[in-house]
Amino acid sequence: MDGEVKRNREDSVSDEFAGQEQDVFNESPECEIKYKTLSWQFVALLMISEIVSNGMLSLPSSLAIIGIAPALILIVFLGVFGLYTAKILIDFKLHHPSVHNMGDAGYILGGPVLREVLGFGTIIFAIFATGGELISGQQALSILSNDGICSVFLVLIFAAATFSLSLPRTLGGLSWLGLLSTALIILSGIVGMIGAGARPVSGRVINATMRNSFYEAFLAVTNPVFSYAGHFMFFVLISEMKRPQDAMKAAWCLQGFATIFYALFALVVYLYMGDTVQSPAFLSLSPKWAKAAFAIALGNFLIAGSLYIHTAAKLVYVRNFRHTQHISSHTILGWTVWIILCLGSTAIAFVLAVALPIFSYLIGITASLFAAWYTYGLAGFFWLHDTYRLRESWKGLLERPFGMTTAILTILAGAFICVAGTYVSVQLIINAYREGIVGSPFTC
0 MDGEVKRNRE
10 DSVSDEFAGQ
20 EQDVFNESPE
30 CEIKYKTLSW
40 QFVALLMISE
50 IVSNGMLSLP
60 SSLAIIGIAP
70 ALILIVFLGV
80 FGLYTAKILI
90 DFKLHHPSVH
100 NMGDAGYILG
110 GPVLREVLGF
120 GTIIFAIFAT
130 GGELISGQQA
140 LSILSNDGIC
150 SVFLVLIFAA
160 ATFSLSLPRT
170 LGGLSWLGLL
180 STALIILSGI
190 VGMIGAGARP
200 VSGRVINATM
210 RNSFYEAFLA
220 VTNPVFSYAG
230 HFMFFVLISE
240 MKRPQDAMKA
250 AWCLQGFATI
260 FYALFALVVY
270 LYMGDTVQSP
280 AFLSLSPKWA
290 KAAFAIALGN
300 FLIAGSLYIH
310 TAAKLVYVRN
320 FRHTQHISSH
330 TILGWTVWII
340 LCLGSTAIAF
350 VLAVALPIFS
360 YLIGITASLF
370 AAWYTYGLAG
380 FFWLHDTYRL
390 RESWKGLLER
400 PFGMTTAILT
410 ILAGAFICVA
420 GTYVSVQLII
430 NAYREGIVGS
440 PFTC
């Protein structure tokens, strides 16, 4: 009985907001395509798939730059901070069931202009994240083939496979891939840690703390900061849950798993590799162990890339066909547009990955410009907006000084990460050209 009362209370949490809003997927029994099928367990697995995918591989190098203590403190802090911002995003979604993506949220916050900015940013970031997964897949295939195949062809092969997995119209069609992806993340991480322990670097240098310039320190900080940068997909995922009220359970699983696994993997690999550790960390392993780790992780890169493509295509598709028959029915126009959107997003990611020699640096810029806000800063605006609306006055905000202060600090944190991250990424590009390490487009 108590459980039923608690559930009813949870279901009514957004009544004061949602009464005049229609759910983005307002399904009837006659609908041929059912979107709201995800359980919170599968949402957690999909979150882990797209966030932890590449995140762990860059973290050992952060320990090599700033030391064990500050890096681990930062990883744990960002995990807790990410849980806090996830809670705000989830509450905002429950209050506004019509919100399907960051663009919809932007419309509520600032009207049509902000909708276009945040919607466009979501698409751009998803496509660049896909390109990052294509590059990771190419690195893995190059290691496995002993660099025997041109990297451009490897990216093309991986892009084709990524496109094919992105085609299901619903996230429910990808949910079991989330289970597989999470298993691959765990297994590849374990293999990586065993491989590091099997061939430790002799004479390695290990530091608890280190002194660095702001540029060097924040360059290292960007790895853990953006390792949690997956909140831009939360609204899309929650929109397809059977019970959106359970979304916080998925967020707890995500942040708990990511924080523990990040800290463990980064620490173990760094202790065995020392200051020689590379990014991605698997490149520091002996050839045999590197091949094993990359072979296992390859499937995760593929699944994560397909989720990003699916997200970019879904945003445009829902924007154009919301509440029409093409959303819920197997129409020729609907499927044609969906396939074109998936193919187009994949093609753009492929061209960017092979045509821009500085593409890996541009990923850092897009993460700084967009993910810094989606994962951190915007949460503060969401809290202020809904608290003001609920209390119907500024007095209501002032009556919650801790919440208001935390929200403002969250906005400032997002702004700082955006500016500092962009500065570091631009400086990296300048340094790369100065040192002559920038390659040429479409080269093997």
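For the sequence shown, numbering that gives the first Met the number 0 gives the first residue as 0, with consecutive numbering after it.
C-beta: ideal position from N, C-alpha, C; glycine also.
In three-state terms, what does DSSP make of residue 232?
-> In the sequence shown, counting from the first residue as 1, residue 232 sits at position 233. Looking at residue 232 - three-state DSSP - the assignment turns out to be helix.
Take every Cβ of the segment 333-352, pair it with every Cβ of the segment 186-201, and state whether three or more of those distances are shorter than 8 angstroms.
-> no
Taking C-beta to C-beta, are residue 311 and residue 126 nearer than 7 angstroms?
-> Walking along the sequence shown from the start, residue 311 turns up at place 312. Walking along the sequence shown from the start, residue 126 turns up at place 127. Taking 7 angstroms as the cut-off, the beta carbon of residue 311 is found closer than this to the beta carbon of residue 126.
Near residue 395, which residues of its chain fall below 8 angstroms by C-beta distance, leaving aside the five closest residues on each side in sequence?
-> Position 396 of the sequence shown, counting from 1, holds the residue named residue 395. Closer than 8 angstroms at the Cβ level, and outside the excluded window around residue 395, lie 386, 387, 389.
Using the Cα positions of residue 431 and residue 30, report the straight-line distance between them to the nearest angstrom.
-> Here residue 431 is taken as the residue at index 432 of the sequence shown, counted from 1. Here residue 30 is taken as the residue at index 31 of the sequence shown, counted from 1. Cα to Cα, residue 431 sits roughly 53 angstroms from residue 30.
Over the uninterrupted alpha helix (DSSP H) stretch that includes residue 24, give me the two end residues.
-> Your numbering for residue 24 matches position 25 in the sequence shown. No alpha helix (DSSP H) holds residue 24; DSSP gives it neither H nor E.
Cα-Cα separation between residue 436 and residue 276, rounded to whole angstroms = Along the sequence shown, read from residue 1 onward, the residue named residue 436 stands at position 437. Along the sequence shown, read from residue 1 onward, the residue named residue 276 stands at position 277. Cα to Cα, residue 436 sits roughly 19 angstroms from residue 276.
Identify the continuous alpha helix (DSSP H) that holds residue 204 and give its terminal residues.
-> The sequence position of residue 204 within the sequence shown is 205, counting from 1. Neither: residue 204 is in no alpha helix (DSSP H) and is coded neither H nor E.
Inter-stretch contact (C-beta, 8 angstroms, three-pair minimum) for the segment 133-141 and the segment 312-332 = The segment 133-141 is not in contact with the segment 312-332.
Measuring CA to CA, which of 159, 405, 225 is closest to residue 369?
-> Numbered from its first residue, the sequence shown carries residue 369 at position 370. The candidate whose alpha carbon is nearest that of residue 369 is 225.
For residue 61 and residue 296, believed in contact at Cβ under 8 angstroms, the rounded distance = Working through the sequence shown from its first residue, we reach residue 296 at position 297. Working through the sequence shown from its first residue, we reach residue 61 at position 62. The Cβ separation is near 19 angstroms, so there is no contact.
Does DSSP put residue 218 in a helix, a strand or coil?
-> As a working mapping, residue 218 is identified with position 219 in the sequence shown. Residue 218: helix per DSSP, three-state reduction.
Compute the distance between the beta-carbons of residue 247 and residue 89, then report whether it is under 7 angstroms.
-> In the sequence shown, the residue the question calls residue 247 occupies position 248. In the sequence shown, the residue the question calls residue 89 occupies position 90. For residue 247 and residue 89, yes; Cβs fall inside 7 angstroms.
DSSP state of residue 37 mapped onto helix, strand, coil | Position 38 of the sequence shown holds residue 37. Reduced to three states, the DSSP call for residue 37 is strand.
Could you give the uninterrupted runs of the alpha helix (DSSP H) lying entirely in the segment 45-127, keeping only those of 4 residues or more?
-> List check, alpha helix (DSSP H) in window: 67-94, 101-109.
Could you check which residue in 49, 70, 48 has the C-alpha nearest to that of residue 58?
-> Mapped onto the sequence shown, residue 58 falls at position 59. The shortest Cα separation from residue 58 among 49, 70, 48 belongs to 70.
Should residue 393 be labelled buried (16 or more other beta-carbon atoms within 10 Å of its own) or exposed?
-> Along the sequence shown, one-based indexing puts residue 393 at 394. Looking at its Cβ environment, which holds fewer than 16 other Cβ atoms inside 10 Å, residue 393 is exposed.
Taking the continuous alpha helix (DSSP H) assigned at residue 286, which residues delimit it?
-> In the sequence shown, the residue the question calls residue 286 occupies position 287. 286-320 is the extent of the alpha helix (DSSP H) around residue 286.
Exposure of residue 0, with buried meaning 16 or more beta-carbon neighbours within 10 Å | Position 1 of the sequence shown, counting from 1, holds the residue named residue 0. Residue placement at residue 0 is poorly supported in this model, since its pLDDT is 44, which falls under 50; the coordinates still yield a value, given next. Residue 0 should be labelled exposed.
Using the rule of at least 16 other Cβ atoms within 10 Å of the residue's Cβ for burial, across every protein chain shown, is residue 104 buried or exposed?
-> As a first step, residue 104 must be located in the sequence shown, where it is residue number 105. Answer is buried; the Cβ neighbour count reaches 16.
Going by DSSP, which residues form a beta bridge with residue 240?
-> Looking up residue 240 in the sequence shown gives position 241. DSSP lists 37 as partners of residue 240.
Run through DSSP, which three-state label would residue 142 get?
-> As a first step, residue 142 is located in the sequence shown; it is residue number 143 there, counting from the start. In this structure, DSSP gives residue 142 a helical state, which the three-state scheme calls helix.
Answer yes or no: do residue 294 and residue 48 have a C-beta to C-beta separation smaller than 7 angstroms?
-> Along the sequence shown, read from residue 1 onward, the residue named residue 294 stands at position 295. Along the sequence shown, read from residue 1 onward, the residue named residue 48 stands at position 49. No.
Helix, strand or coil: which one does DSSP assign to residue 147?
-> Numbered from 1 along the sequence shown, position 148 holds the residue referred to as residue 147. In the structure shown, residue 147 sits in coil (DSSP, three-state: anything other than H, G, I, E or B).
Taking DSSP as the reference, what is the three-state secondary structure of residue 434?
-> Looking up residue 434 in the sequence shown gives position 435. In the three-state DSSP reduction, residue 434 falls in the coil class, being neither helix nor strand.
What's the call for residue 201, buried or exposed, on a 16-neighbour Cβ count within 10 Å?
-> Here residue 201 is taken as the residue at index 202 of the sequence shown, counted from 1. Burial state of residue 201 is exposed, judged by a 10 Å Cβ sphere holding fewer than 16 other Cβ atoms.
Helix, strand or coil at residue 355 according to DSSP, with G and I counted as helix | As a working mapping, residue 355 is identified with position 356 in the sequence shown. Correct three-state label for residue 355: coil.
On the premise that residue 24 lies in contact with residue 239, defined as a C-beta separation below 8 angstroms, what is that separation, rounded to the nearest angstrom?
-> In the sequence shown, counting from the first residue as 1, residue 239 sits at position 240. In the sequence shown, counting from the first residue as 1, residue 24 sits at position 25. Sure, about 7 angstroms apart at Cβ, within 8 angstroms.
Beta carbon proximity, residue 385 to chain D, threshold 7 angstroms = No chain D appears in the structure shown, which is made up of a single protein chain.
Considering only C-alpha positions, which residue in the set 433, 42, 426 is nearest to residue 232?
-> What you label residue 232 is simply residue 233 of the sequence shown in a count that begins at 1. Comparing Cα positions, the closest option is 42.
From the DSSP output, in three-state form, read off residue 329 for me.
-> Residue 329 sits at position 330 when you count from the first residue of the sequence shown. Coil at residue 329, not helix or strand.
Tell me, please, whether the segment 114-121 touches the segment 338-348 by the rule of three or more beta-carbon pairs shorter than 8 angstroms.
-> no
Residue 113: which of 328, 382, 409, 372 sits nearest, CA to CA?
-> Numbered from 1 along the sequence shown, position 114 holds the residue referred to as residue 113. Per the Cα distances, 372.
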